[in-house]
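In this note's numbering, the protein residues as written are 56 to 403.
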């Protein structure tokens, strides 16, 4: 269990750096319990997946948060700001430990749920990237997302943005996303989206209150701004959600990329999902996209926008475009979109 305890400690450090004292404390105690072979060790014994790639520490935290949000763990709810509580590290850990000891049968099915974050602040990078691709081809967008979760980022054109000195998006939009903008000026213009759809292994139906709550359970309980943004985005998207298929990315792309779509700029995009994809599936996805790229034309261009981390410090926003297959780095981005360093200069 020592390797697993180290994984929990690393996640505790990340939570501390990202200003979540609640999870930093609970994960530190959980790591100590794992090292000692305690209740958390018993709870996760026999985990069949990869604890790092599956992000088992945050699955455990998400399970605790779900129980609190659902009113099924009142002692813990009193410790979480998201449920009106006030965090006390001396009381929070005993409450979490009791759940691990006494309610393992309730927790294990929650651990099996894949982590869903659908962080809309990432649109502060994704939307300018989509705008740049659309402007270069002069066509309406056909947005395609793999790992779409609840499809909130597929609706990037329904939000307003403040990107340094530049504003994007409809002025009447109810959600304003403002990020620390660095580097070159943000692209200008408006997104015209003609079609949007995505896929996920476990898509979230934003019209289902239980599934909405499950999505909120993966927002850390002491990050009230993230929670408020997510709730606003859910309210905006719920009346007219995008179509989401419960499919693997490879199976879905084999269908949606089978033929070019003349008159539309097809933009496939993803954000912080690649490390959850097995190597064989990655190879298949790349092959499918490159094959579709080989059929692209000026009348039916294809782009692949990826916001993925090259390491542990930040993400890179990269755009590969066909015809041609040219790949370029557009920006460096904070994992949750708190800052964007734009590198792709405006072209004449």
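Quick reminder that beta carbons are idealized off the backbone N, C-alpha and C, glycines included.
A quick note: this is a predicted structure, and the numbers were derived from the prediction, not measured.
Minimum length 3: unbroken beta strand (DSSP E) runs contained in the segment 125-157 | As far as the segment 125-157 is concerned, it has no whole beta strand (DSSP E) run of at least 3 residues.
Under the three-state reduction of DSSP, which class applies to residue 388: helix, strand or coil?
-> Here residue 388 is taken as the residue at index 333 of the chain shown, counted from 1. In the structure shown, the three-state DSSP call for residue 388 is strand.
Beta-carbon contacts of residue 102 that lie in its chain and below 7 Å, excluding the five residues immediately before and after = Looking up residue 102 in the chain shown gives position 47. Correct list, in chain order: 111.
Closer than 7 Å: is that where the CB of residue 166 sits relative to any heavy atom of the ligand ZN?
-> With respect to small molecules bound, the structure shown includes none, and the ligand ZN cannot be examined in it.
Cutoff 8 Å; reference residue 398; Cβ partners in own chain excluding five residues on either side | Here residue 398 corresponds to residue number 343 of the chain shown, with the count starting at 1. Excluding sequence neighbours, residue 398 sits near 238, 239, 384, 385, 386 and 387.
Close Cβ partners of residue 118 (< 7 Å) along its chain, the five nearest in sequence each way excluded | Against the chain shown, residue 118 aligns to sequence position 63. Closer than 7 Å at the Cβ level, and outside the excluded window around residue 118, lie 162, 165 and 166.
Helix, strand or coil for residue 58 per DSSP?
-> Residue mapping note: residue 58 aligns to position 3 of the chain shown, counting from 1. Look at residue 58 here: in three-state DSSP terms it is helix.
How big is the Cα-Cα spacing for residue 153 and residue 128?
-> The residue labelled residue 153 in the question sits at position 98 within the chain shown. The residue labelled residue 128 in the question sits at position 73 within the chain shown. Cα-Cα distance, rounded: 10 Å.
For residue 168 versus residue 257, is the C-beta distance shorter than 8 Å?
-> Position 113 of the chain shown, counted from the start, is the residue given in the question as residue 168. Position 202 of the chain shown, counted from the start, is the residue given in the question as residue 257. Residue 257 sits close to residue 168, with the two beta carbons spaced by under 8 Å.
Check residue 244 in the structure and name its three-state DSSP category.
-> Taking the chain shown and counting its residues from 1, the one referred to as residue 244 is at position 189. Collapsing the DSSP output to three states places residue 244 in coil.
Please report the Cβ distance between residue 392 and residue 177, rounded to the nearest whole angstrom; I am assuming they are in contact, meaning their Cβ atoms lie under 8 Å.
-> The residue labelled residue 392 in the question sits at position 337 within the chain shown. The residue labelled residue 177 in the question sits at position 122 within the chain shown. Taking C-beta atoms under 8 Å as the contact rule, residue 392 and residue 177 qualify, at a distance of about 4 Å.
Would you kindly work out how many angstroms separate the C-alpha atoms of residue 310 and residue 73, rounded to a whole number?
-> Against the chain shown, residue 310 aligns to sequence position 255. Against the chain shown, residue 73 aligns to sequence position 18. Cα to Cα, residue 310 sits roughly 39 Å from residue 73.
Check whether the Cβ atoms of residue 223 and residue 175 sit closer than 8 Å, and answer yes or no.
-> By one-based count along the chain shown, residue 223 stands at place 168. By one-based count along the chain shown, residue 175 stands at place 120. Against a cut-off of 8 Å, the Cβ pair of residue 175 and residue 223 comes out as no contact.
Check the DSSP bridge columns for residue 370 and list the partner residues they point to.
-> Counted from its first residue, the chain shown places residue 370 at position 315. BP columns for residue 370 point to 388.
Spell out a yes or no on whether the segment 138-150 and the segment 183-202 are touching, meaning 3 or more CB-CB pairs, one atom from each, closer than 8 Å.
-> In short, these stretches do not touch, since the Cβ pair count stays below three.
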